[in-house]
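Student: Okay, here's the structure, questions in a sec.
Residue numbers (full-length UniProt numbering), protein chains in the order written: chain U, 1 to 91; chain X, 1 to 91.
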């Protein structure tokens, strides 16, 4: 588990290139590269921009580490719900 | 990254044994097993109980998936701060 959390941290730090926040461009790249398998519309920059606005609690136009963790929480929630959905009853 | 988030989700689901929440005992076991390398006092059940109280936003005596994600956020924050601390200047 520790290495899983480390992956989440280092992915942010690498994408932020040493800064504290992700620029819109860096956020686009991160979402397209990391979440194409679990999110829809990752090929639409407009959709990613909408997502970024939704995360941007302090409206500074960037994504902080806290706001990024909120995104991780959404993805984790989606995965856990998919995991708990009853498999189609055998016909 | 997807597999990292999947690890975080499945670790909760396995520890919860199919229920929606972690019992105090399941939470103790999870913390001792998963976080002994990044947290102090994981060998103290009193310290883990304190941590659980701190996470237990709805005070139901259990740890929900949301409260668990808050813990993951704390651990991720600790790791990212450690990562950004300047290495001791070469003497």
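Ideal placement from N, C-alpha and C gives every residue a C-beta, glycine not left out.
Throw me the rounded Cβ distance for the residue 1(X) and residue 70(U) pair, which I believe falls under 8 Å.
Tutor: Stepping through the second chain from its first residue, residue 1(X) is reached at position 1. Stepping through the first chain from its first residue, residue 70(U) is reached at position 70. About 15 Å; that fails the 8 Å criterion.
Student: What residue from 74(X), 4(X) and 55(X) has the CA that sits closest to residue 27(X)'s CA?
Tutor: The sequence position of residue 27(X) within the second chain is 27, counting from 1. Selected option, being the one with the closest Cα: 55(X).
Student: State yes or no: is the C-beta of residue 79(X) within less than 9 Å of the C-beta of residue 6(U)?
Tutor: Position 79 of the second chain, counting from 1, holds the residue named residue 79(X). Position 6 of the first chain, counting from 1, holds the residue named residue 6(U). Yes. Within cutoff.
Student: The alpha helix (DSSP H) that contains residue 2(X), what's its start and end?
Tutor: As a working note, residue 2(X) is residue 2 in the second chain. Residues 2–16.
Student: Using only alpha-carbon positions, find the residue among 38(X), 36(X), 22(X) and 76(X) that is nearest to residue 52(X).
Tutor: Position 52 of the second chain, counting from 1, holds the residue named residue 52(X). The residue with the shortest Cα to Cα distance from residue 52(X) is 22(X).
Student: Just checking my contact of residue 76(X) with residue 8(U) at CB under 8 Å: how many whole Å lie between their CB atoms?
Tutor: Start at 1 with the first residue of the second chain, and residue 76(X) comes out as number 76. Start at 1 with the first residue of the first chain, and residue 8(U) comes out as number 8. With a Cβ gap of about 6 Å, residue 76(X) and residue 8(U) count as contacting.
Student: Kindly identify the DSSP beta-bridge partner or partners of residue 58(X).
Tutor: Translated into positions along the second chain, residue 58(X) becomes position 58. For residue 58(X), which the question treats as bridged, DSSP gives no partner whatsoever.
Student: Mapping the DSSP letters down to three states, classify residue 80(X) as helix, strand or coil.
Tutor: One-based indexing of the second chain puts residue 80(X) at position 80. Helix at residue 80(X).
Student: For residue 106(X), I'd like the list of residues in its chain whose CB is within less than 8 Å of its CB, leaving aside the five on either flank, ordered along the chain.
Tutor: Because chain X here runs from 1 to 91, residue 106(X) falls outside it and cannot be looked at.
Student: For residue 30(X), write down the residues that DSSP places opposite it in a beta bridge.
Tutor: Reading the second chain from its first residue, position 30 is the one you call residue 30(X). For residue 30(X), which the question treats as bridged, DSSP gives no partner whatsoever.
Student: Would you tell me roughly how many angstroms separate the C-alpha atoms of residue 42(U) and residue 83(X), rounded to the nearest one?
Tutor: One-based indexing of the first chain puts residue 42(U) at position 42. One-based indexing of the second chain puts residue 83(X) at position 83. When rounded, the distance between both Cα atoms is 29 Å.
Student: Between the C-alpha atoms of residue 31(X) and residue 81(X), what's the straight-line distance to the nearest angstrom?
Tutor: For the purposes of this step, residue 31(X) is taken as residue 31 along the second chain, with counting starting at 1. For the purposes of this step, residue 81(X) is taken as residue 81 along the second chain, with counting starting at 1. About 21 Å.
Student: By DSSP's criteria, residue 64(U) is part of a beta bridge. Which residues make up the other side?
Tutor: For the purposes of this step, residue 64(U) is identified with residue 64 of the first chain, where counting begins at 1. Paired residue(s): 21(U).
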